[in-house]
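Note sheet for the following structure.
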Amino acid sequence: TIVLWQDDDALRVPIGAIFRSGEAWHVYVVSGRRAVEREIEIGQINDDIAEVLGGLEEGDRVIVNPSSSVADGQRISER
16 TIVLWQDDDA LRVPIGAIFR SGEAWHVYVV SGRRAVEREI EIGQINDDIA EVLGGLEEGD
76 RVIVNPSSSV ADGQRISER
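Counting from 16, one number per residue, gives the positions in the sequence shown under the working numbering.
Laid out in structure tokens, this is it:
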């Protein structure tokens, strides 16, 4: 294995949670029982995870692999 980058303190999200909207990366954050679309800044990225440089805080819950029916402000339920 060749390590190109490593940071044990990096805030990370699964790449299945991030999506493009225009030129920016976004995620859906769970806020109460609603999906809230939020722009985030991405640093390093690989096939599994992305480093988050801004827009999220530790402990924020994101929706992974949101369907096309998920929209900002939409009421959601957990599985």
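For every residue, glycine included, the Cβ atom is placed at its ideal position computed from N, Cα and C. This structure is a prediction, so every number in the text was calculated from the model and none was measured.
Check: Does the region 51-68 come close enough to the region 22-42 that 3 or more CB-CB pairs lie under 8 Å?; Outcome: yes
Check: Is the Cβ-Cβ distance between G70 and I91 less than 8 Å?; Outcome: no
Check: Please work out which residues of its chain come closer than 6 Å, Cβ to Cβ, to L68, disregarding the five sequence neighbours upstream and downstream, and give them in chain order.; Outcome: E56 and G58
Check: Is H41 near R49, with beta carbons less than 8 Å apart?; Outcome: no
Check: In the structure shown, what three-state DSSP assignment does I30 receive?; Outcome: helix
Check: What residues match up with G69 in a beta bridge as DSSP calls it?; Outcome: E56
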